[in-house]
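Residue numbers (the numbering used here): 2 to 138.
Glycine included, C-beta positions come from ideal geometry on N, C-alpha and C.
What you are looking at is a predicted structure, and each value in this text was computed from that prediction instead of being measured.
Notes for the one structure printed next.
What follows is the structure, encoded as structure tokens:
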């Protein structure tokens with residue numbers, strides 16, 4: 002089977018697979034909470050990681066005909082929602098390339114505050130990426 006390589010998007014509020022708690026996305030990527038999926042409420046996101054994609058399918062939805070792929074967790078295979086590949090209606094094109102995660106199929110968790118690395122502090126800590134040289138000459 003091989004190794005599964007997972008990404009971590011970071012952020013202070015994370016969305017995880019409800020089945021295995023693999024990180025999928027964060028609150029900063031959330032576009033809308035006003036969608037409905039097969040299990041009820043659903044959220045639209047710009048970027049979601051750690052997904053597997055099905056083949057493209059044509060679906061007629063409340064907002065028109067779309068070409069979509071179902072998405073599932075890359076780690077455990079649990080179905081999570083779908084990604085919009087193409088919308089036939091001009092006013093629905095904003096969805097293209099974005100991912101729907103069904104609320105019942107994900108859970109939320111606290112992340113951690115992240116700060117950009119300051120290159121100057123790394124250099125002043127001994128250079129070479131902030132590593133100190135403790136070798137005796």
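Measuring straight from C-alpha to C-alpha, what distance separates residue 17 and residue 31? 13 Å
Let me confirm a value: residue 88 is counted as buried when at least 16 other C-beta atoms fall within 10 Å, else exposed. Which label applies? buried
On the DSSP bridge assignment, give the partners of residue 27 in chain order. 15
With distances taken from CA atoms, which of 47, 112 and 97 is nearest residue 69? 97
Cα-Cα, which of 90, 106 and 33 is closest to residue 77? 106
Under the rule that 16 or more other beta-carbon atoms within 10 Å means buried, what is residue 57, buried or exposed? exposed
Reduced DSSP secondary structure (H/G/I, E/B, other) of residue 85: strand
Please classify residue 53: does DSSP put it in a helix, a strand, or coil? strand
Taking DSSP as the reference, what is the three-state secondary structure of residue 106? helix
Count the other C-beta atoms from every protein chain shown that fall within 10 angstroms of the C-beta of residue 52, then say buried if there are 16 or more, exposed otherwise. buried
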